[in-house]
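Participant: Read in order, the letters of the sequence shown are residues 1 to 180 in full-length UniProt numbering.
Backbone N, C-alpha and C fix where the C-beta goes; we use that ideal spot for every residue, glycine too.
This structure is in structure tokens; I'll ask about it shortly.
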Amino acid sequence: MDYVLVSYLICDISLVYYELQVFNFITFLARSLIFSLLIFIVFPKIRSVKFRLFELILGIAVVAINIYLLFELLAMVPEAFIYDYFYPVYLALTLLTILLVGVAFTYNNIFSNKRSFYFLLAALFLAFSDFNFFIAIYLDVPVFYYPDRFFHILALGLLLLFWIKPIEDSNNNNLEQREV
């Protein structure tokens, strides 16, 4: 989790000079590193999940819609912001965002406790933060900086809660083992 916090720090420092291409690139890399680290923290706990056919079809449909919207948003980016590595880092960040949210939902569905809920909310708020940041920077609507920072700070707080929240009794964490 320490690496996540260091990546958060790098991301926030590089945001100050985001208009410069090198800092823009560093921001994308730091944000991608945050998402990757969060996925790797939780993924071993959900690796053996089996999905029903309906869940699988629904998940594929949601991912397909998100990928379509990803390319629609990418087409809206003004030429002034495009640089050599913009497309790969933007696509990587967005795909990691989709993956992180999917992993967070799966983690919360399996464990269904406060800790997993904090992680789910943090993942969603990170995604909301990125979306608001996109609108603020690339569509030039400065008022969206406020929800971006709001969601960013909430996500950080929830990640800290996720980190410090002790793992509760493992017998009660798994929905399959609970009595109804």
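For the alpha helix (DSSP H) that contains LEU95, what are its first and last residues?
Facilitator: Where LEU95 is concerned, the enclosing alpha helix (DSSP H) stretches over 86 to 111.
Participant: How many Å lie between VAL143 and ALA136 at the Cα?
Facilitator: 7 Å
Participant: If you follow the alpha helix (DSSP H) that TYR68 is in, where does it begin and where does it stop?
Facilitator: 53 to 75
Participant: Using the C-alpha atoms, what's the distance from TYR138 back to MET76?
Facilitator: 8 Å
Participant: Leaving aside the five residues before and after ASP148 along the sequence, list all residues of the same chain whose C-beta is less than 7 Å from its C-beta, in chain order.
Facilitator: SER129, ASN132, PHE133, ALA136
Participant: When burial is assigned at 16 or more other CB atoms within 10 Å of the CB, is SER170 buried or exposed?
Facilitator: Confidence in SER170 is poor, its pLDDT being 48 and thus under 50, which makes the residue's placement unreliable; the coordinate value appears in the next sentence. The residue is exposed, with fewer than 16 neighbouring Cβ atoms inside 10 Å.
Participant: Tell me whether VAL141 is buried or exposed, calling it buried when 16 or more other Cβ atoms sit within 10 Å of its Cβ.
Facilitator: exposed
Participant: Are the stretch 17 to 28 and the stretch 77 to 95 touching by the rule of at least three beta carbon pairs closer than 8 Å?
Facilitator: yes
Participant: When the Cα atoms are used, what is the spatial distance from LEU29 to THR94?
Facilitator: 12 Å
Participant: Here's a check: name, in chain order, each residue in its chain whose Cβ is nearer than 7 Å to the Cβ of residue 206, leaving out the five neighbours to either side.
Facilitator: What is shown of the chain runs 1 to 180, which leaves residue 206 out entirely.
Participant: What's the C-alpha gap between MET1 and PHE54?
Facilitator: 34 Å
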